[in-house]
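Chemist: Have a look at the structure that comes next, please.
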Amino acid sequence: MAGEGEMVGRRHDSREISDKLAQADQLAAKGKTQREISKALGVSIMTYHRWKKMLKSPEPVMDGAGNEISSGLSGPREASTEETIKRLEVENAQLRRLVTDMLLEKLKYEEELRARQGPRLRRPEKG
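Just remember that this note's numbering sits 735 ahead of the position in the sequence shown, which is counted from 1.
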């Protein structure tokens, strides 16, 4: 994957992370999957999740020596109940689409496997 133009090990500053998370929120509101969002942002899905967690975590982040690290991200830490419900509904719809896509892909692979193995597994008919 690194050969496909991805930047490996690049550090983003807090302003850039905030901008990318704002862009991610806009894409999520349009119904984009997390895979599509992370691709549009140019980061891995894990990095996207880590950033979201960093933004929402009220507790300070610690480094290996036990020192507090400021995340540097600003923004509201708590949303209203209505905003939370709306966000969860959007996330739920995205997850449903993701599960559906994965199930369809699984069925496709199973059909391909059956088609490949079908002629080899047939027993000669006794007659």
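The beta carbon of each residue, even a glycine, is placed where N, CA and C say it ideally should be.
#1: Measure the C-alpha to C-alpha separation of Thr768 and Lys861 and round it to an integer number of angstroms.
#2: Hey, how far is the Cα of Ser841 from the Cα of Ser749?
#3: Quick check on the burial criterion: 16 or more other C-beta atoms within 10 angstroms. Buried or exposed for Val834?
#4: Please list, in chain order, all residues of the same chain as Val825 whose beta carbon is under 8 angstroms from its beta carbon, the five residues on each side excluded.
#5: Should Gly807 go down as buried or exposed, given a rule of 16 or more other Cβ atoms within 10 Å for buried?
#6: Which first and last residues belong to the alpha helix (DSSP H) in which Lys755 is found?
#7: For Ser692, count neighbouring Cβ atoms within 10 angstroms of its own Cβ and tell me buried if that reaches 16, exposed if not.
#8: In whole angstroms, what separates the C-alpha of Ala828 from that of Asp760?
#9: What separation, rounded to the nearest whole angstrom, lies between the Cα atoms of Leu838 and Ile820?
#10: Hey, would you say Lys791 sits closer than 8 angstroms to Leu756, going by beta carbons?
#11: Go through the stretch 825-857 residue by residue and report every complete run of the alpha helix (DSSP H) that reaches 4 residues or more, in order.
#12: Starting from Thr782 and walking both ways along the alpha helix (DSSP H), at which residues does that stretch end?
Modeler: Per the coordinate set shown:
#1: 52 angstroms
#2: Checking the displayed sequence, the identity of residue 841 turns out to be Lys instead of Ser. Distance between the alpha carbons of Lys841 and Ser749 is about 38 angstroms.
#3: exposed
#4: Ala763, Ala764, Gly766
#5: Caution applies to Gly807, whose pLDDT of 47 falls short of 50 and renders its modelled position unreliable; the value that the coordinates give is listed next. Gly807 comes out exposed.
#6: 749-764
#7: Outside the modelled stretch of the chain, which goes from 736 to 862, sits residue 692, for which no answer is possible.
#8: 14 angstroms
#9: 27 angstroms
#10: no
#11: none
#12: 780-791
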